[in-house]
Amino acid sequence: MSAPKEFEVVGKRLNRLDGEGKVTGAAVYASDFTLPGMLHGKILRSPHAHARIVRIDTSAARKMPGVRAVVTGASQKLNRFGNFIKDFEVFANERVYHVGQPVAGIAADSEYAAEQALRAIEVEYAELPAVFDVMEALDKAAPLVHPDWQSLKAAPIIVREGNRCSRTVIKVGDVEEGFRNSYRVYEHVFRTSPVHAGYTEPRVAVAQWTASDQATVWCNTQLLFDTQSTLAEIFGIPPSHIRVIVPGIGGGFGGKLRLGMEHYAMALARAAKRPVRVMSSSEEELTAALFRQPATIELKTGVDRDGRILAKEGRIVVDAGACSGSGPLVASTGTMILAGPYRLPNANLEGISVYTNNHPNGSIRAPSGPMPNFATESQMDMIAEDLGLDPLELRLRNILREGDIAVNGQKMTAVGLEECLDKAATAIGWDLRKPGPNRGKGLACGWWMTSRGSSGSYLKLMQDGTLTMMVGVVEMGTGALTGAAQVVAEEMGMKLTDINVVSADSLTTPYDFGSQGSRTMFAVANASREAARDLLEKMRTRAAKALGTDEQALVMRDKAFWSDEKKITFAEIAAQANTAGGGLIAEATYIAPAVEHDASRVQNHFSPAWPSPSFHVHATDLSVDEVLGEVTINRYVVAQDVGYAINPTYLEGQLEGGAVQGVGQALSEEIIIANGHVKNGNLTDYKMPTAMDVPKIEVILVTHPSVAGPYGAKGVGEPPTIQPPAAVANAVAAACGKRIMHLPITAEKILLG
Amino acid sequence: MDFRLHSAKSADHALEIAASLKDGWRYVAGGTDLVIQLRRGVRKSDDLIDLSSIASMQGIKEDGNGFELGALCTHKDIELHEGLSAAYPALRAAARVVGGHQIRNVGTVGGNLANASPAADVAVALLALDALIGAKGSNGSREIKIDDLFVSSSKTTLAPGELIEHVRLATPVVKTHSAFLKVGRRKAMEISVVSAAICLAFGANDICEKARIALGAVGPRPLRAKAAERLLEGAEIDAGLIARAAAQARAECSPRSDPRASAAYRSKVVEGLVMRGISQCVGVS
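Just so you know, the sequences run in chain order A and B.
According to the working numbering, the first sequence is numbered sequentially starting from -15.
According to the working numbering, the second sequence is numbered sequentially starting from 420.
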């Protein structure tokens, strides 16, 4: 037996390539970016949830000092857009259908001048009936958020009916039969609240038109190419005429997947004939950003005497808001989370997204994860309690193991779930679940996918023997591009610091599906690794020729090829190739292989099979103050099957940060909305956890390698936000007997619930 | 946000500037609340009179009679003052949970009082400590009992133009114990959902001679639960009495529901806080 292969660069805790600039403040973010002659844009937003626009008068605003351009729906012909349904307008035309909907924009010499001028725009509205509750919206008698829904262009996978803007089903076996055979059947309803992605840097864009049909946008999107094509669609010009550059991004967490300020900056820049910058204020972020959808989850589960699940019926109803956005995707993928990583002989799981007159929502980190996981994993504990079983034991009797067939018909491989359960339970001290009065432990498990989508990579050997890697993704703080560079360096026999990374310019870097879906490092590293192998072959050929030997006889060492005592360095190869050989470049693209599933089990599913699934268990030990209802987390453990850790330091950072974000959704964060109006639109009243609210997150890396992943790695970024609500809810129930079924789990709900 | 800033060199100078301006001006010191209100358009002021460089209103002085806190004293100054902290732990406990470090480095005790938020932490602590408020106006200087200062949310009994110069606290009698407790949705950077400051002075035989129970965010102003105080005064405090006093304090509140919490939760929690606060004071006595 040979010893496991030792790697030089991958698997090492190396410093991030972009680390120094970010630590010292030298790094440039999109919000730092300015241009000469740049104006500042501000948006006038609807104060009504649903109203007809009777009249807009901008004449007074146009005369205000410093105002250079005013744009409304009537003044520029802009096309509708939307990821699955074209139900977004840049500026409202005849109607507004949510509070905060942009009605007009102003570009002025300063932000202040633009803000002052907004107040001079007169808009007369005639209010219309609105609907805010998803269940009411589904009623036939409810007002239609989009009376013209049938004429709105939509993707073929979208099945609509009035306010219902999508429906996905997973069906296996016969649930009725399963319930009939069950020893007990449990039915519960869970609800979650909208939360903000919590990125530090607000959404910002600077746009400049370089010709009448060409523009450049500097912004902080996570998706260069989706932004490019969406802007092209809106402005009716070819995508290649729009150049999207991300100078830097201060966090995204999914909240910057879709258009933020880019379209407003472009519309205003076109009207003003000057570059325009638009940045959302923190109030706008908390009232008019793309939040994580609130959801209602109905769950019915039948089990036998031993707690084995015989049938599961469930429905997740996602409040998409007034425009569908990623609601259909969230509802669709939500069905897989409703199933959970369990063996289900019979299941009928439905995901629907629904229009309401609430603000449109988006895709926050593991977009459909926490809501159905909160329901499923809370219910698992409720079942265990009723059957007198240990919740850990109940899970061990039902989880998917190697070779099992999942609810979608997919055969499971590299399943690290049992190991995660064992390790998390051991770490938290599961044997003592109630260590004292008002103190208890809870756990929750889950699964997630490594999203597919294409990545490309261009490599060039530099004159000094280093390598430049050009990729079309954004480094959004995860360290993904350092991870991909580690893979390239390993392949090339280079140091990590020999890799120069160029990224995030739609004109110069290759297409990429973008920084999303736990796929960035996975796909970029795979593409770049392939390109590196190609480049190395080219270099080897040149080296053999130069040294007058066979390629097979060459040994690569210390950034040189050796033939006995003779060598040629990478720098020499580059110099030679550049002067006499046209230079050395290589490129490759990658898309994860499709995964087999049983198509007869799914209807209108956006991600019916899960490439390189990951498995995760969170466990927490917390105390509940019996007088005040306040929760104090004593310990928090994350065990995640990551496949392989390319850089354990940044991987741990991702898992820690994700868990903290999830604890926020579990305990304190919620956008409070009444009749479409946000009631806590400021950082005083929107409560992200502070350092005082979360203990050190204890991370356990479990490694069941994925065949497709670079060095066996799986997607890692999204999963840690999925389990905290359920883990915390289960621990609260263990601590004080209160079962909270509506997020967040506030002290008030614990005390009065 | 668009205003003229007038820098005052002394309290008299500030009054002089105020007299020369049309209505709508405001005093500003730390500005931690005012600037946000101006920025959000909740409040509008064409003129701000900046008090922050008035030397006579800075710092904490200690003499045989007690402490004099300049109105420009920051929350951080209070937190770090050893004498004050030893005499009145409740005041330190309140000062160190106002916002975050940046807020505490800038926000002042005068502003905390004059802003008259029912949820102001330091104001609630000072209310339990029978602070005297030194004010100066066009009619000269006067001292106001803190309980007579607050009217309702952002309303005080200060006359137009009258400013707070200092806050005085008497040296506590020998067996005085105080506590400050608050609840909020998280453990730091939090505006009180409910707060309670308790100050108890004990005589011989552990009889409670003087009791003060001040409560925050359970009424239109920081309020005293005076009937509950009377239950404690003259009595030897045991568990049963603590429970009765806490229930009485709860009955004296008129909390509202808002996005931070419901009236029902505030009502329940204020009883718990008072119970805990009294127990803390009795525990160290």
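Just so it is clear, CB atoms sit at the ideal spot from N, CA and C, and this is done for glycine as well.
On a predicted model such as this, the values are computed, not experimentally measured, just so you know.
Where residue 424 of chain A is concerned, the enclosing beta strand (DSSP E) starts and stops at 423 to 432. Distance check between residue 671 of chain B and each of B/588, B/427, B/637 places B/637 closest, using alpha-carbon atoms only. Counting the other CB atoms within 10 Å of its CB gives residue 420 of chain A a total below 16, which places it among the exposed residues.
In the three-state reduction of the DSSP assignment, residue 594 of chain A falls in the coil class. Going by beta carbons, residue 660 of chain B and residue 668 of chain B fall outside the 7 Å limit. DSSP places residue 510 of chain A in the helix class (H, G or I) of the three-state scheme. A/661 is the residue among A/661, A/690, A/729, A/722 whose C-alpha sits nearest the C-alpha of residue 30 of chain A.
Among the CB atoms of chain A, none fall inside 7 Å of the CB of residue 537 of chain B. Look at residue 422 of chain A: its C-beta is not under 7 Å from any C-beta on chain B. A Cβ-Cβ contact shorter than 7 Å links residue 294 of chain A with residue 162 of chain A. Within a 10 Å sphere around the beta-carbon of residue 497 of chain B sit 16 or more other beta-carbons, which makes this residue buried. In this structure, the straight-line span from the alpha carbon of residue 250 of chain A to that of residue 508 of chain A is close to 30 Å.
Under the DSSP assignment, residue 495 of chain B falls outside any beta strand (DSSP E), being part of the alpha helix (DSSP H) whose first and last residues are 494 to 499. Less than 7 Å separates the beta-carbon of residue 237 of chain A from that of residue 349 of chain A. Going by DSSP, residue 531 of chain B is part of the alpha helix (DSSP H) stretching over 528 to 533.
For residue 589 of chain A, there is no enclosing alpha helix (DSSP H), as DSSP gives it neither H nor E. Counting along the chain, residue 24 of chain A sits inside the beta strand (DSSP E) bounded by residues 23 to 29. Sixteen is the threshold: since fewer than 16 other Cβ atoms of the shown chains lie within 10 Å of the Cβ of residue 103 of chain A, the residue is exposed. Distance from the Cα of residue 581 of chain B is smallest, within the candidate group B/555, B/568, B/596, for B/555. The beta carbon of residue 528 of chain A sits closer than 7 Å to the beta carbons of 534, 535, 538 from its chain, once the five residues preceding and following it are set aside; these are given in chain order. Residue pairing by DSSP puts residue 193 of chain A in a beta bridge opposite A/199. Residue-level contact check: residue 135 of chain A does not touch chain B, since none of the beta carbons of chain B fall below 7 Å from its beta carbon. Among the residues of the stretch 33 to 63 of chain A, none has a Cβ less than 8 Å away from any Cβ of chain B. Annotation for residue 461 of chain A: no alpha helix (DSSP H) segment contains it, and DSSP assigns it neither H nor E. With its beta carbon at least 7 Å from every one in chain B, residue 30 of chain A lies outside the interface. Within chain A, no residue has its CB atom less than 8 Å from the CB of residue 526 of chain B, the nearest being about 13 Å off. Interface residue (Cβ-Cβ distance to chain A less than 7 Å): residue 605 of chain B is classified as such. In this structure, residue 246 of chain A sits away from residue 684 of chain B, with a CB-CB distance that is not shorter than 7 Å.
The CB of residue 522 of chain B never comes closer than 9 Å to any CB in chain A; the least such distance is about 11 Å.
Bridge partners of residue 624 of chain A according to DSSP: A/600, A/685. Residues of chain A whose Cβ lies closer than 8 Å to the Cβ of residue 695 of chain B are, in chain order, 611. Between the stretch 230 to 244 of chain A and the stretch 340 to 354 of chain A there are three or more C-beta pairs closer than 8 Å, enough to call the two in contact. The alpha-carbon separation between residue 682 of chain A and residue 559 of chain A amounts to approximately 49 Å.
In chain order, 678 make up the part of chain B whose C-beta sits under 7 Å from the C-beta of residue 656 of chain A. DSSP links residue 280 of chain A through a beta bridge to A/175, A/301. Chain order gives the chain B residues near residue 664 of chain A as 678, where near means a beta carbon separation below 7 Å.
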